[in-house]
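Take a look at the structure below.
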Amino acid sequence: PWKRPRPGWTGLGASWAGGRCRCPRHELEVLRDTRNRTIRALCGQRSMPRSVWELPPGQRRTVLRHLLVSDKYRFLYCYVPKVACSNWKRILKVLDGALESVDVQGKMDHKSDLVFLGDMKPEEISYRLKHYYKFIFVRNPMERLLSAYRNKFGEIKEYQQKYGVEIVRRYRKSGGNSTPSCWLLAA
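Going by this note's numbering, the first residue of the sequence shown is number 701, and it counts up by one from there.
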């Protein structure tokens, strides 16, 4: 039976504060198990596609473009933007010898030196989907949205100038004279 969460419980996962988890391990395990049951129930519905080949072509392309391949370690990583995907892409590049270290600074090229499942032939795709270990990381959607906002509008001046000013002009009643520094969230 469902119980009302205790005060302060966000239900958003670990609820990290100051580097320490505020949630008892048992609560996290219960949350994980609930999420896994939900996934199994949804994936078990008759209307759900049973393979990537049952998806409409546009969806199939999108899914396959988000699956990175490591033939050396026999895994597929499904990346989700703003969920540590740059770090994992760096790790893949290090594993393949394209980068010396994950600590390399600078702008990350999200395409070169990476193998995408979508670039392979159908029989190669099917083989890897059947035989390779598959994993994905997820993040609370609101945290992900805030991270994207802060990244695009707080760190990238070109993005602020190209899109931010137009967004403010279009949606803020007195937005005509606003500057990006007026509408950025406080860091």
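In this text, a Cβ means the ideal position worked out from N, Cα and C, and glycines have one as well. Since the model is a prediction, treat every value here as computed from it, not as a measurement.
To which residues does DSSP link residue i through a beta bridge?
i	result
F837	F837 is not bridged to any residue.
Excluding the five sequence neighbours on either side, which residues of its own chain have a C-beta within less than 7 Å of the C-beta of residue i, listed in chain order?
i	result
A784	F837
Where does residue i sit, in a helix, a strand or coil, going by DSSP?
i	result
L767	strand
Y859	helix
Y849	helix
L776	strand
Which residue marks the beginning of the alpha helix (DSSP H) containing residue i, and which one marks its end?
i	result
Y827	822 to 831
N753	First, the amino acid is wrong: residue 753 is Trp here, not Asn. No alpha helix (DSSP H) holds W753; DSSP gives it neither H nor E.
V786	The sequence shown places Ser at residue 786, rather than the Val named in the question. Per DSSP, S786 belongs to the alpha helix (DSSP H) from 785 to 795.
A741	725 to 743
P868	First, the amino acid is wrong: residue 868 is Val here, not Pro. V868 -> alpha helix (DSSP H) spans 865 to 871.
Residue i: buried (16+ other C-beta within 10 angstroms of its C-beta) or exposed?
i	result
R735	exposed
V868	buried
Q860	buried
L846	exposed
K789	buried
R828	buried
G744	exposed
L742	exposed
Leaving out the 5 sequence neighbours to the left and right, which residues in its chain are closer than 8 Å to residue i when beta-carbon positions are compared?
i	result
R760	V752, W753
Who are the Cβ neighbours of residue i in its own chain at under 6 Å, not counting the five residues just before and after it?
i	result
F775	Y832, Y833
M808	S786
L799	K793
Return yes when at least one heavy atom of the ligand SAM lies under 7 Å from the C-beta of residue i, else no.
i	result
V769	The ligand SAM is not part of this structure, which contains no ligands at all.
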